[in-house]
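Under the numbering used here, read the sequence shown as residues 2 to 290, first letter to last.
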Amino acid sequence: MSVEGPAGLPPELRRAGRCLVMGVVNVTPDSFSDGGRWFTPSAAVAHALALVEDGADLLDVGGESTRPGARRVPVEEERARVIPVIADLARRGLAVSVDTTRAQIAREAVDAGAVLVNDVSGGLADDAMYGVVAQTGAAYVAMHWRGHADVMDDLDRYDDVVADVRRELAERVADLRAAGVRDDQVVLDPGLGFAKPGASNWPLLARLPELVADGFPVLVGASRKRFLGHLLAGPTHEPAPPLRRDDATAAITALAAVAGAWAVRVHEVSASVDAVKVAAAWTAAATRD
Ligand SMILES: Nc1nc2ncc(COP(=O)(O)O)nc2c(=O)[nH]1
Numbered sequence: 002m003s004v005e006g007p008a009g010l011p012p013e014l015r016r017a018g019r020c021l022v023m024g025v026v027n028v029t030p031d032s033f034s035d036g037g038r039w040f041t042p043s044a045a046v047a048h049a050l051a052l053v054e055d056g057a058d059l060l061d062v063g064g065e066s067t068r069p070g071a072r073r074v075p076v077e078e079e080r081a082r083v084i085p086v087i088a089d090l091a092r093r094g095l096a097v098s099v100d101t102t103r104a105q106i107a108r109e110a111v112d113a114g115a116v117l118v119n120d121v122s123g124g125l126a127d128d129a130m131y132g133v134v135a136q137t138g139a140a141y142v143a144m145h146w147r148g149h150a151d152v153m154d155d156l157d158r159y160d161d162v163v164a165d166v167r168r169e170l171a172e173r174v175a176d177l178r179a180a181g182v183r184d185d186q187v188v189l190d191p192g193l194g195f196a197k198p199g200a201s202n203w204p205l206l207a208r209l210p211e212l213v214a215d216g217f218p219v220l221v222g223a224s225r226k227r228f229l230g231h232l233l234a235g236p237t238h239e240p241a242p243p244l245r246r247d248d249a250t251a252a253i254t255a256l257a258a259v260a261g262a263w264a265v266r267v268h269e270v271s272a273s274v275d276a277v278k279v280a281a282a283w284t285a286a287a288t289r290d
């Protein structure tokens with residue numbers, strides 16, 4: 002089952018008829034799994050082009066690590082990291098999103114050619130964000146979030162994590178509508194690993210159809226996250242390191258695609274491109290009379 006993507010995206014992406022693969026381009030020195038590897042604009046662009054070669058449909062360019070405990074990056078630093086990369090990739094005709102919680106950076110990124118604003122805070126970190134999204138008409142990912150990296154792990158209290166996340170995302174949608182953002186601009190994201198350090202992530206994946214049924218495209222970002230490290234821990238109970246989590250990430254891509262996810266956000270693109278193909282063949286066979 003595939004859903005139409007948000008307005009503002011190129012038609013071939015909006016109506017792809019399959020789960021899209023968003024490649025992660027972290028222009029940061031400290032992201033949890035690939036921090037520092039693409040820290041210069043030229044290295045980040047080269048990495049993004051390699052992800053496109055591997056089949057990425059979208060490139061998500063971020064300049065501020067969101068890993069637990071990360072310190073905030075000044076806006077000038079975030080700007081210097083992401084805008085040159087976004088402008089370069091957009092000039093090449095590539096579909097680019099900006100991973101930021103700052104309205105100013107979102108505006109500048111859209112002006113530089115970004116087609117989607119990927120806001121892990123769902124607008125809670127910057128009151129001006131919804132106005133920028135409304136004015137620009139850009140596609141917008143509202144992710145479920147309860148606080149910045151320095152506090153989020155203490156906010157993992159839910160009665161029913163799926164119901165609670167859906168309710169809190171519905172509150173974001175109401176606020177987006179009140180700010181003049183059209184429903185067809187909006188993508189929702191359960192925010193795996195954000196205020197969900199542990200077992201809370203699995204019900205959100207297992208019950209993904211409930212989020213999909215709310216009627217908005219759903220983006221899933223499980224790639225290399227801590228809960229996968231714990232799942233793959235060895236006999237010493239030491240979590241598997243981030244670079245050992247890509248196979249599990251691809252498995253989640255296949256299951257999320259079958260469950261109706263609009264897109265997945267991953268670091269290792271080619272395995273997820275193959276996983277989406279498996280899911281499409283599987284679903285087609287299951288729905289054939
Ligand atoms: N929409 C969305 N954006 C995100 N950005 C960063 C990270 C975590 O940081 P990383 O870039 O190091 O994986 N996770 C998400 C996510 O789950 N969803």
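Here a beta-carbon is modelled for each residue, glycine too, at the ideal position from N, C-alpha and C.
Remember, it's a predicted structure, so these values are computed and weren't measured experimentally.
Residue i CB to nearest heavy atom of ligand 1 below 6 Å
i	result
Thr67	yes
Arg266	yes
Gly9	no
Gly222	yes
Asp190	yes
Met144	yes
Asn119	yes
Val116	no
Asn202	no
Val25	yes
Leu193	yes
Asp112	no
Asp58	no
Asp100	yes
Same chain, Cβ closer than 8 Å to residue i, five either side skipped, listed in chain order
i	result
Ile87	Val62, Val97, Val99, Ala110, Ala113, Gly114 and Ala115
Asp185	Pro7 and Ala8
Val174	Ala143, Asp184, Val187, Leu189 and Phe217
Asp215	Arg167, Leu170, Ala171 and Leu189
Ala287	none
Residues that residue i bridges to, as DSSP identifies them
i	result
Tyr159	DSSP, once it has assigned bridges, lists no residue as partnering Tyr159.
Met130	For Met130, which the question treats as bridged, DSSP gives no partner whatsoever.
Asp8	The residue asked about is misnamed: residue 8 is Ala in this sequence, not Asp. BP columns for Ala8 are empty, so no partner.
Ser98	Asp61 and Leu117
Met144	Asp190
Leu220	Ala264
7 Å Cβ shell around residue i - same chain, five flanking residues per side excluded
i	result
Val270	Val22, Gly24, Leu52, Asp55, Gly56 and Ala57
Glu169	His145
Arg103	Val76, Glu79 and Asp127
Lys226	Leu193 and Gly194
Gly222	Asp190, Leu193 and Arg266
Residues near residue i in its chain [Cβ-Cβ closer than 6 Å; skip 5 each side]
i	result
Val4	Pro218 and Trp263
Phe228	Asn202
Leu206	none
Val279	Ala255
Ala196	Arg147, Met153, Leu156 and Asp157
Leu10	Val116 and Ala140
Met2	With a pLDDT of only 48 at Met2, under the threshold of 50, the placement of this residue in the model should not be trusted; the figure read from the coordinates follows. Here the set comprises Gly261.
Ala17	none
Arg82	Val28 and Gly64
Ala135	Ala180, Gly181 and Val182
Pro42	Pro85 and Val86
Residue closest to residue i, alpha-carbon to alpha-carbon, out of the options
i	options	result
His231	Val188, Ala207, Ala252 and Pro198	Pro198
Asp155	Arg19, Val162 and Arg147	Arg147
Asp128	Ala107, Trp203, Ile253 and Ala139	Ala107
Arg73	Ala251, Arg266, His149 and Val166	His149
Arg38	Ala285, Thr288, His268 and Val76	His268
Phe40	Arg19, Cys20 and Ser66	Ser66
Pro1	Ser224, Asp161 and Ile253	The structure shown does not extend to residue 1, since the chain is modelled only from 2 through 290, so no value can be given for it.
Leu14	Val76, Leu59 and Leu233	Leu59
Pro210	Val265, Ala258 and Gly70	Ala258
Val46	Val134, Ala91, Val118 and Leu233	Ala91
Val1	Ala49, Pro12 and Arg266	Any property of residue 1 remains undetermined from this structure, which presents the chain solely from 2 to 290.
Ala272	Asp248, Arg289 and Ala282	Asp248
Leu212	Ala164, Asp160 and Gln136	Ala164
Gly124	His48, Asp176, Thr237 and Ala282	Asp176
Val26	Pro204, Val133, Pro69 and Ala44	Ala44
Ala162	Ala200, Leu220 and Tyr131	What sits at residue 162 in the sequence shown is Val, not Ala. When only C-alpha atoms are compared, the closest one is Ala200.
*Could you pull out every unbroken alpha helix (DSSP H) segment of at least 4 residues lying fully inside the segment 10 to 44, listed in chain order?*
12 to 15
*Ignoring anything shorter than 4 residues or poking outside the segment 233 to 279, list the alpha helix (DSSP H) runs there in chain order.*
247 to 259
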